[in-house]
């Protein structure tokens with residue numbers, strides 16, 4: 124009996140894995156559609172760098188300490204993680220793949236104190252993994268057109284907040300904040316990361332170019 128249970132589980136997993144890959148007898152026809160690592164790599168390298176968000180100028184974070192708008196770097200350096208998976212969703216041809224970022228991806232804001240000291244607050248994560256999903260808009264001899272659908276978080280590790288140009292007191296304040304409020308720093312990172320990722324891809328959707 125136990126052996127039959129094992130066989131049934133193996134059969135289910137095999138059918139599930141097989142369903143992850145496209146077949147031409149599904150409602151979506153992937154005939155002639157070629158989406159390999161090179162296609163997705165070209166897509167990633169077109170993501171804009173130096174995306175800015177937030178109000179213009181400096182604003183008070185707490186008494187005596189002001190910060191400016193955020194600048195995000197490293198989207199074009201995202202790296203692929205695992206296989207590319209084509210699939211069908213309600214009759215629409217889709218493709219998804221996991222990606223990750225490392226220390227090269229970060230965002231920063233300028234800061235200034237009432238005493239005139241200034242520098243940068245930098246937030247980065249050692250490892251951020253996420254899933255990107257795209258619609259297959261068109262396919263021809265020129266290539267394939269992909270339209271960004273959404274990004275789904277998978278995991279994040281080693282989020283840290285760094286203060287550049289600060290004296291011992293200011294660095295100490297931020298080090299304490301990072302230790303006492305790790306979930307806050309992680310939420311700050313994830314919020315900015317996915318906001319800029321969406322903005323970068325949506326600006327590319329408007330171009331609608333072949334890969």
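In my numbering, the protein residues as written are 124 to 334.
For each residue, glycine too, the CB sits at the ideal point set by N, CA and C.
- The C-alpha of residue 170 is placed about 7 Å away from the C-alpha of residue 327.
- DSSP, read as helix, strand or coil, puts residue 156 in coil.
- Residue environment for residue 319: buried (at least 16 other C-beta atoms within 10 angstroms of its C-beta).
- Around the Cβ of residue 191, a 10 Å sphere holds 16 or more other Cβ atoms; the residue is buried.
- Taking 8 Å as the upper bound for CB-CB distance, residue 173 and residue 193 are not in contact here, some 11 Å apart.
- CA-to-CA, the gap between residue 199 and residue 205 works out to about 18 Å.
- Collapsing the DSSP output to three states places residue 199 in a helix.
- Under the three-state reduction of DSSP output, residue 228 falls in the coil class, being neither helix nor strand.
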